[in-house]
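Residue numbers (full-length UniProt numbering): 1 to 152.
One structure below.
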């Protein structure tokens, strides 16, 4: 038994929907599962094409597989959105440190200085501080900051 017109239409719509994914979403799905969403849909279409005519896939089973693939895609999109949110929050936090006095751990001692610059790079935001002795220390990650105070 071959796939009926409704099954073919659903599968075609799913492939068309998969082709509208952004490259970032496709890369994220590939990185997480080794297969992209389009690859998963191709597997389902291949399964429909070569299924045993005497034992066709139940409609319920087919819809269940499509729902699982959809959930994977939604989880990837949620993960991407959360990562964007975390990055934006770190950038905002770093920018709010401008003009503040911070203490940074340096071995057994702590250095104190005013945040004079914030740099946004691939690894996340970093700060540049200027100590009371006019020493400039650059590229300090936010995780190195132990204490934040208002500048006097």
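For each residue, glycine too, the CB sits at the ideal point set by N, CA and C.
Bear in mind the structure is a predicted one, so any value in this text is a computation, not a measurement.
Secondary structure of residue i, DSSP reduced to three states
i, result
"residue 139", "strand"
"residue 82", "helix"
"residue 94", "helix"
"residue 111", "strand"
"residue 151", "coil"
"residue 144", "helix"
Contact check, residue i vs residue j, beta carbons under 7 Å
i, j, result
"residue 130", "residue 105", "no"
"residue 187", "residue 145", "This structure cannot settle anything about residue 187, because the visible part of the chain is limited to 1 through 152."
"residue 90", "residue 124", "yes"
"residue 69", "residue 48", "no"
Alpha-carbon spacing of residue i relative to residue j, whole angstroms
i, j, result
"residue 127", "residue 93", "11 Å"
"residue 42", "residue 78", "23 Å"
"residue 62", "residue 54", "16 Å"
"residue 76", "residue 97", "32 Å"
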